[in-house]
Each structure stands twice: as C-alpha cells, then as structure tokens.
Amino acid sequence: MKQVQKKLESIAKSIQALALKVENIQKQVESPQKPAVKTKAKPVKKQAVKKAPHIKPVKLTEGDTAYSLFLKVIEDSGSGISVATLKAKTGFDGKKISNLVYKAKKQGKIKATGRGIYVKG
Numbered sequence: 042m043k044q045v046q047k048k049l050e051s052i053a054k055s056i057q058a059l060a061l062k063v064e065n066i067q068k069q070v071e072s073p074q075k076p077a078v079k080t081k082a083k084p085v086k087k088q089a090v091k092k093a094p095h096i097k098p099v100k101l102t103e104g105d106t107a108y109s110l111f112l113k114v115i116e117d118s119g120s121g122i123s124v125a126t127l128k129a130k131t132g133f134d135g136k137k138i139s140n141l142v143y144k145a146k147k148q149g150k151i152k153a154t155g156r157g158i159y160v161k162g
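Okay, so the sequence shown: first residue is 42 according to the numbering used here, each after it adds one.
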C-alpha cells in the first residue's frame with residue numbers, strides 16, 4: 042500500500058511540474074510581441090533593356106529550296122550561327138530547323154561547334 046501511495050505522490054509532483062511549464066508557455070504566447078524592426082526597402086534601379094539587333098530574313102528566290110536557303114545562311118555566317126538566328130533569318134519554325142540540321146549533319150555539310158551553334162562542314 043505504501044508503494045502505491047509513493048508512486049501516486051511522484052505522479053502528482055510530475056503533473057504539477059508540467060502544469061507550471063504549460064502556464065509559462067501560455068504567458069509567453071499571450072504576452073504582446075515586440076513589433077519587428079521595419080527597414081526601408083531599397084529602390085530598385087531600372088536597367089536598360091537591350092534590344093536585339095534586327096535580323097533581315099533571307100528570302101527564297103525561284104528555284105531555291107528550304108535546304109539550299111538553310112545552307113546558304115550557315116555559309117554566310119562564317120564563325121557559326123545559332124538556332125535562334127537561323128529561325129530569324131530563314132523564317133522557319135523550330136521543327137523545320139531541327140530537320141534541316143539533322144539532314145545537313147548527316148551529309149557532312151555542317152558541323153556543331155557548340156550546343157546549338159553550327160558552321161559549314
């Protein structure tokens with residue numbers, strides 16, 4: 042019987058300690074918080090937007106094919122030309138450029154110098 046009474050007393054002490062901790066936490070939650078320090082936002086400087094140079098598209102003449110126009114544009118580029126520039130100069134969509142690049146690379150007419158940069162082979 043004494044053992045049960047001692048265990049109950051220790052449980053009661055533990056419960057009282059927990060109750061004190063809960064009260065302390067409750068006081069911290071209910072106490073008014075200090076407002077956060079407000080800092081002024083720095084103004085954002087506007088950067089000048091560089092416009093892309095206007096690229097004149099090459100037009101197909103009578104008897105020219107899309108493939109020959111494509112090769113002509115690459116030959117005229119000299120140091121290499123990107124896919125985006127090829128699209129702008131030829132007016133072809135991405136799928137057509139992709140097909141023409143595949144065909145020309147397979148025939149050895151062009152080679153890639155970097156990712157998306159092609160020169161005459």
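The C-beta atom is built at its ideal place from N, Cα and C for all residues, glycine as well.
Going by C-alpha distance, which of T126, E50, A145 and A153 is nearest I96? The residue given as residue 96 occupies position 55 in the sequence shown. If we check each option's Cα against that of I96, T126 comes out closest.
Is the distance from the Cβ of L101 to the Cβ of L110 below 8 Å? Position 60 of the sequence shown, counted from the first residue, corresponds to residue 101. Position 69 of the sequence shown, counted from the first residue, corresponds to residue 110. The answer is yes: Cβ separation under 8 Å.
Applying the 10 Å Cβ sphere with the 16-neighbour rule, what's the burial state of L141? Stepping through the sequence shown from its first residue, residue 141 is reached at position 100. With a 10 Å radius around the Cβ and a threshold of 16 neighbouring Cβ atoms, L141 comes out buried.
Are there 16 or more other CB atoms within 10 angstroms of the CB of Y143, so buried, or fewer, so exposed? Reading the sequence shown from its first residue, position 102 is the one you call residue 143. The Cβ neighbour count for Y143, taken over all protein chains shown within 10 Å, is under 16; the residue is labelled exposed.
According to DSSP, which residues form a beta bridge with G119? What you label residue 119 is simply residue 78 of the sequence shown in a count that begins at 1. In DSSP, G119 forms no bridge with anything.
Minimum C-alpha distance to K130 - residue among K54, G121, Q148 and P98: One-based indexing of the sequence shown puts residue 130 at position 89. When each option's Cα is compared against that of K130, the closest is P98.
When the distance is taken between beta carbons, is K128 closer than 8 Å to I138? Indexing the sequence shown from 1 puts residue 138 at position 97. Indexing the sequence shown from 1 puts residue 128 at position 87. In this structure, K128 lies closer than 8 Å to I138 by Cβ.
Am I right that S123 and I158 are in contact with their C-beta atoms under 8 Å? What's the rounded C-beta distance? Working through the sequence shown from its first residue, we reach residue 123 at position 82. Working through the sequence shown from its first residue, we reach residue 158 at position 117. Confirmed, Cβ separation roughly 6 Å.
Bridge partners of V160, per DSSP? Within the sequence shown, the letter at position 119 stands for residue 160. Paired residues: K152.
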